[in-house]
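Here the sequence shown is numbered in the working numbering, starting from 140 and rising by one per residue.
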Amino acid sequence: MASLRRVRIKSVLLAVLVTVGVVVPPPPLAAAGTEADPSGWVAPLSTRGRYIVDAAGNRFKLKAANWHGASGTWNGSGDVNDPATHHAGEIAYQTPLGLDRVSIDTVIDGLAELGLNSVRLPFSNAMIHDTAPVPGLPANPDLRGLTPLQVYDRVVTRLTARGFAVILNNHTTTSRWCCGLDGNERWNTAQTEQRWQDDWLFMARRYAANKRVVGADLYNEVRRNVFDDPNWGWGNGTDWQRASQRVADRIQTEANPDLLLIVEGINWTGVPVDGLPHGRPTLEPARTLSHTLVDSGKLVYAAHFYGYTGPNHSGATGTGETHDPRYRDLSPRELRDVLHRQAFFVSAETGKHYTAPLWISEFGEGRHTTDAASRAWFENFVGYLAENDTDFAYWPAVGFHDGGGGNGWSLLSWDTAGRRVDVLDGTDWRGPAWRRLVDSPSRTGQIPMAERWSMLNLDYADFQASREVRSKADWNPGARKGVCPDGQRLTGLAHTGNRGLCTGTLAVPADYAVVRGETYVDTDWASGYTKVQCPPEHAAVGYSVTGAAFSALLCGKSSTPLGRTGRTVWFDRGDSRPSGAPGGDFASGHYKGQCAPGEYVAGVAYTGRVGSNRTPDALLCRA
140 MASLRRVRIK SVLLAVLVTV GVVVPPPPLA AAGTEADPSG WVAPLSTRGR
190 YIVDAAGNRF KLKAANWHGA SGTWNGSGDV NDPATHHAGE IAYQTPLGLD
240 RVSIDTVIDG LAELGLNSVR LPFSNAMIHD TAPVPGLPAN PDLRGLTPLQ
290 VYDRVVTRLT ARGFAVILNN HTTTSRWCCG LDGNERWNTA QTEQRWQDDW
340 LFMARRYAAN KRVVGADLYN EVRRNVFDDP NWGWGNGTDW QRASQRVADR
390 IQTEANPDLL LIVEGINWTG VPVDGLPHGR PTLEPARTLS HTLVDSGKLV
440 YAAHFYGYTG PNHSGATGTG ETHDPRYRDL SPRELRDVLH RQAFFVSAET
490 GKHYTAPLWI SEFGEGRHTT DAASRAWFEN FVGYLAENDT DFAYWPAVGF
540 HDGGGGNGWS LLSWDTAGRR VDVLDGTDWR GPAWRRLVDS PSRTGQIPMA
590 ERWSMLNLDY ADFQASREVR SKADWNPGAR KGVCPDGQRL TGLAHTGNRG
640 LCTGTLAVPA DYAVVRGETY VDTDWASGYT KVQCPPEHAA VGYSVTGAAF
690 SALLCGKSST PLGRTGRTVW FDRGDSRPSG APGGDFASGH YKGQCAPGEY
740 VAGVAYTGRV GSNRTPDALL CRA
């Protein structure tokens, strides 16, 4: 949920007072409990370039909605058992919303009828640890006496048995409605980072045997709290890039390597006051600092967009409102440009270190909305999703209604008698746009393997993305070490800044050699410089630094012969990279050297002259 969403709800409720929907009987439902697999997809999922694919290599587009409730619906004050203290009066008891009104399979039937194939299933850390049984849920008597987590288990089991992919979403820390100054601003605001990591390992292991639990959405809408901002790459306790990288590594290496690891951008920084810096960075920082996972092909980036917020607008009215435009205030052209800049570039710009599938894991608008700008925004945004063949998840899937009134943002709503209204019932202005989105032409079938580009970042600590190397002893104690993921080789280095770039295909080396000097130099390819060169039939797969100084190469032995002819690539006075800069800018603001496609790094040269800092000056690139 976007920041300060309560403001939106007030305006929607006002609209409800004058626009009361008509209750339409739901269409005939498929038989509850059907075990058929209409989608025919094969788990687990992974990524190839900008696409998510199934285990057979076929495109799997996430057509999803958010079935919220287990993340909390309480507004934070008053009796937690009183529906009036819950968002829009929709009390969920820390379970997926609506289970007091209709059965689990009735909800799933509705999701299938809307053309969905996947569900983002939010949870809170508090929900995981709550051992109190949920109150009676009349429409699901078999859930009586279960804890919230056990109810969550049942929902996961039914969704996946019915052919849906499920993405676990750590939405909140406390079971409280998101997203303002509520204690849920960061992964470590109301708990320690260690607790957050451990909870993720618990959840990843809990569903590891169910391969249709396909993803881990690591934390929802990271944003500013009262005192400080989240950041991307500062290396401190509020560094979201560092924290998400670390927990992703732990999930892959300790819990469940099959999961997609989904990283949302930063939702808000700064104080929303005119004249002070503030804004919604979203995924823009990934352009210069992306994630490199131990298991390549599992990273997905995510972003949220609502018309009442903006690139520099918090979404508030009154306190917290600035004069910045909201997304709904932008012209169609302006909106396209902003969306590309903030998020869509990660899937549109292929062949970069940041290239990944983009999942718009939250967007939405209310059926009772009468504001022309809000309606136009929704139409334009849905059109942009369809045009770009972008994976999506609508917020929310399920809601309550009373005679057609109520919150009105959900795709499916039930009243206390179990009567349904929905986005396709003929009375909802969003219906035609929804149908266009779900039925829009999409890439299908086999997706060819795409070359992967991976950034190594030694700014603050080791960055060893190789499972094989991680299993071995420390190959250069006291130095910061960067190693390419298994299957890739080093292809570029920065002159300063300690960044590296990996790519290509290379079998896991049969052996490794750590080289610190000129033992294997076979020709003077950088006269007057210290040359650190790999042994014959070895390619560089990693490097180490001590402070700013280059200190060693890690060379992996190839299972097939490597070329011996080479060239020197100097980058001490400017960039020296192949045409088109494949892989993208992996060291923004620093000179970079990079081998051409089809070449491998066989050596690194540096000088110890005064003022040089022993940083890399040249690469030996061999065919």
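Glycine residues also receive a C-beta, built at the ideal position from the N, C-alpha and C atoms.
Query                                                                                                          : Result
Where His479 sits in the DSSP three-state scheme                                                               : helix
Nearest neighbour of Phe341, chosen from Ala355, Ala691, Thr286, Asp281 [CA to CA]                             : Ala355
Counterpart residues of Asn596 in DSSP-defined beta bridges                                                    : Arg638
Span of the beta strand (DSSP E) around Arg761                                                                 : 757 to 761
Lys491 classed as buried or exposed, judged by whether at least 16 other C-beta atoms fall within 10 angstroms : buried
The stretch 537 to 544 touching the stretch 464 to 476, judged by at least three CB pairs closer than 8 Å      : no
Sequence-distant residues of its chain with Cβ nearer than 8 Å to Tyr668 (five each side left out)             : Ala744, Tyr745, Thr746, Asp756, Ala757
Leu415 burial status per 10 Å Cβ neighbour count (16 or more: buried)                                          : exposed
Within 9 Å, strictly: CB atoms of Leu428 and Leu400                                                            : no
Own chain residues within Cβ distance below 7 Å of Ser698, not counting five before or after                   : Ala646, Ala649
Reduced DSSP category for Val708 - H, G, I as helix; E, B as strand; rest coil                                 : strand
8 Å Cβ shell around Thr186 - same chain, five flanking residues per side excluded                              : Val192, Leu399, Gly436, Lys437, Leu438, Val439, Ala495, Pro496
Where Gly522 falls: helix, strand or coil (DSSP)                                                               : helix
First and last residue of the uninterrupted beta strand (DSSP E) at His310                                     : 304 to 311
As assigned by DSSP and simplified to three states, the class of Trp379                                        : helix
For Lys731 and Arg716, believed in contact at Cβ under 8 Å, the rounded distance                               : 6 Å
Residue span of the beta strand (DSSP E) that contains Val684, given as start and end                          : 677 to 685
Residues bridged to Thr669 (per DSSP)                                                                          : Tyr745
Cutoff 6 Å; reference Leu595; Cβ partners in own chain excluding five residues on either side                  : Phe602, Gly621, Gly639
Exposed unless 16 or more other CB atoms sit within 10 angstroms - verdict on Thr408                           : buried
Backbone CA spacing between Pro424 and Trp371 [nearest angstrom]                                               : 7 Å
Contact test: Leu701 Cβ vs the ligand SAH heavy atom, cutoff 8 Å                                               : In the structure shown, the ligand SAH is absent, as is every other ligand, since no ligand is present at all.
Opening and closing residue of the alpha helix (DSSP H) in which Glu403 lies                                   : Element bounds for Glu403: not the alpha helix (DSSP H) but the beta strand (DSSP E), 399 to 403.
Spatial distance of Glu657 from Val671 (CA atoms)                                                              : 5 Å
Cβ-based neighbour list, Val749, same chain, cut-off 7 Å, excluding 5 preceding and 5 following                : none
Beta carbon proximity, Gln585 to chain D, threshold 9 Å                                                        : Structure shown: chain D not included; a single protein chain is present.
Residues that Ile191 bridges to, as DSSP identifies them                                                       : Thr186
Cα-Cα separation between Asp244 and Arg475, rounded to whole angstroms                                         : 38 Å
Limits of the unbroken beta strand (DSSP E) element including Trp498                                           : 497 to 501
Distance CB(Trp379)-CB(Arg344) smaller than 9 Å                                                                : no
Bridge partners - Ser715, DSSP secondary structure assignment                                                  : Gly732
For Arg506, the nearest candidate out of Gly454, Val560, His479 (CA to CA)                                     : Val560
Nearest neighbour of Ala195, chosen from His207, Ala182, Ala679 [CA to CA]                                     : Ala182
Beta-bridge partners of Trp407, as assigned by DSSP                                                            : Arg362
Residue from Leu184, Leu307, Asn197, Gly179 whose Cα sits closest to the Cα of Ile586                          : Asn197
CA nearest to the CA of His462, picked from Thr431, Asp413, Ala251, Arg315                                     : Asp413
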